[in-house]
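Asker: Quick one: this structure, given as structure tokens, is what I'll be asking you about.
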Amino acid sequence: MEVQIKENKIYAPLKDKWLVVKPEEEVRQRYICRLVDSYG
103 MEVQIKENKI YAPLKDKWLV VKPEEEVRQR YICRLVDSYG
């Protein structure tokens with residue numbers, strides 16, 4: 103899984119939505135991707 107950022111939006115795969123990029127949201131999505139890649 104890969105973090106997708108376009109313009110000022112970040113894709114949240116668990117919500118299946120594009121959200122506004124904020125520092126805490128970017129950290130959250132990167133952590134989710136790491137968990138999915140590590141544990142499935």
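All residue numbers for the sequence shown refer to our numbering, where the first residue is 103 and numbers rise by one. Yeah, the Cβ is synthetic: ideal placement off N, Cα and C, and Gly gets one too. Model, not experiment: these values are computed from the prediction.
#1: In this structure, what does DSSP give as the bridge partners for Lys111?
#2: Given a cut-off of 8 Å on the beta-carbon distance, is the pair Val123 and Ile107 in contact?
#3: Taking the straight line between their C-alpha atoms, what separation do you get for Arg130 and Ile112?
#4: Rounded to whole angstroms, what's the CA-CA distance from Tyr141 to Met103? Just pull it up for me.
Answerer: In terms of the structure at hand:
#1: Against the sequence shown, residue 111 aligns to sequence position 9. Lys111 is bridged to Lys108 and Val122.
#2: Taking the sequence shown and counting its residues from 1, the one referred to as residue 123 is at position 21. Taking the sequence shown and counting its residues from 1, the one referred to as residue 107 is at position 5. For Val123 and Ile107, yes; Cβs fall inside 8 Å.
#3: As a first step, residue 130 is located in the sequence shown; it is residue number 28 there, counting from the start. As a first step, residue 112 is located in the sequence shown; it is residue number 10 there, counting from the start. Spanning the two alpha carbons is a distance of roughly 11 Å.
#4: The sequence position of residue 141 within the sequence shown is 39, counting from 1. The sequence position of residue 103 within the sequence shown is 1, counting from 1. Spanning the two alpha carbons is a distance of roughly 12 Å.
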